[in-house]
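Residue numbers (full-length UniProt numbering): 1 to 255.
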């Protein structure tokens, strides 16, 4: 599959590289005080079956698909034109979870940073796996851009493959020590209070023992740097995720 998608360019899937965005999509007012608006991400459905989904996302500048997961899935992603920032995580295993016994307080789970980079076309195919390669990722358009995705198997909630969104917090956000105390962290306009139930020694031991290589074989030992880790909290589908369906005009897929 990577050899297949590595050869793709925009023209191969019926796209042409976009010109710079209309500035009406970049804020609330322009210089002439004309109201601007958020530009949507366009979703193009190429093929969908029980085995895989193939689709294209077309992004205007600064648009975002928030941090989300791909449970039990392998995903091939190829930037077709433009530049896109990718931030991705994998869950730390065995799982490390901070529970809260207070109503309305989130549960957070420890994840390790897998990628934090900009991909610019032409570039190779990125691959994420169920437990490695950055299974949880966020896409942010640096310029107008498009990405081809192949998801195998596809999302299917009744089989446990539901798309879940997350917000990430720095590893240091909950402070030290990690004994049973309360911590408050700031995200946007909301303060979240989390009751920590994991000891500092347990966290340090977990980080030092956690190891992985690109194939998930445990060949490299983590040095436990805090900046390589984050706490992820599950959230509802963001209200500002603005997406519309488009019409795919490229060649049909035969399976």
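Glycine included, each C-beta is placed from N, C-alpha and C at the ideal position.
Over what stretch of residues does the beta strand (DSSP E) that includes residue i continue unbroken?
i: residue 78; result: 74–81
i: residue 138; result: 136–141
i: residue 68; result: 64–68
Grab me the residues of residue i's own chain with a C-beta within less than 6 angstroms of its C-beta, minus the 5 sequence neighbours each way, in chain order.
i: residue 65; result: 139
i: residue 163; result: 68, 155
Leaving out the 5 sequence neighbours to the left and right, which residues in its chain are closer than 7 angstroms to residue i when beta-carbon positions are compared?
i: residue 249; result: 14
i: residue 237; result: 165
i: residue 170; result: 230
i: residue 267; result: Residue 267 is absent from the structure shown; the chain starts at 1 and stops at 255.
Report the partner residues of residue i according to the DSSP bridge assignment.
i: residue 43; result: 57, 245
i: residue 112; result: 90, 229
i: residue 161; result: 156
i: residue 126; result: 77
i: residue 146; result: 58, 81
Let me check understanding here. Comparing Cα to Cα, which of the options lies closest to residue i?
i: residue 231; options: 106, 81, 83; result: 106
i: residue 110; options: 135, 44, 229; result: 229
i: residue 8; options: 171, 135, 121; result: 121
i: residue 67; options: 116, 42, 44; result: 116
i: residue 40; options: 135, 255, 245; result: 245
i: residue 132; options: 45, 43, 112, 60; result: 112
i: residue 225; options: 172, 90, 79, 46; result: 172
i: residue 83; options: 89, 61, 99; result: 61
i: residue 136; options: 59, 167, 45, 247; result: 167
i: residue 253; options: 16, 59, 134, 46; result: 46
i: residue 90; options: 81, 77, 114; result: 114
i: residue 119; options: 87, 129, 255, 251; result: 87
Once you ignore the five residues that flank residue i on each side, which residues in its own chain have a CB closer than 8 angstroms to its CB?
i: residue 160; result: 71, 72
i: residue 147; result: 56, 57, 59, 77, 78, 79, 80, 84, 139
When the cut-off is 7 angstroms and only beta carbons count, does residue i lie next to chain D?
i: residue 111; result: This model lacks chain D altogether; it includes just one protein chain.
message: Count Cβ pairs between the region 41–51 and the region 123–134 that sit closer than 8 angstroms; are there 3 or more?
response: Fewer than three Cβ pairs drawn from the region 41–51 and the region 123–134 lie within less than 8 angstroms of each other, which leaves the two stretches out of contact.
query: Looking at C-beta atoms only, is the number of pairs between the region 89–96 and the region 152–160 that lie closer than 8 angstroms three or more?
result: Judged by Cβ distances under 8 angstroms, the region 89–96 makes no contact with the region 152–160, as fewer than three pairs qualify.
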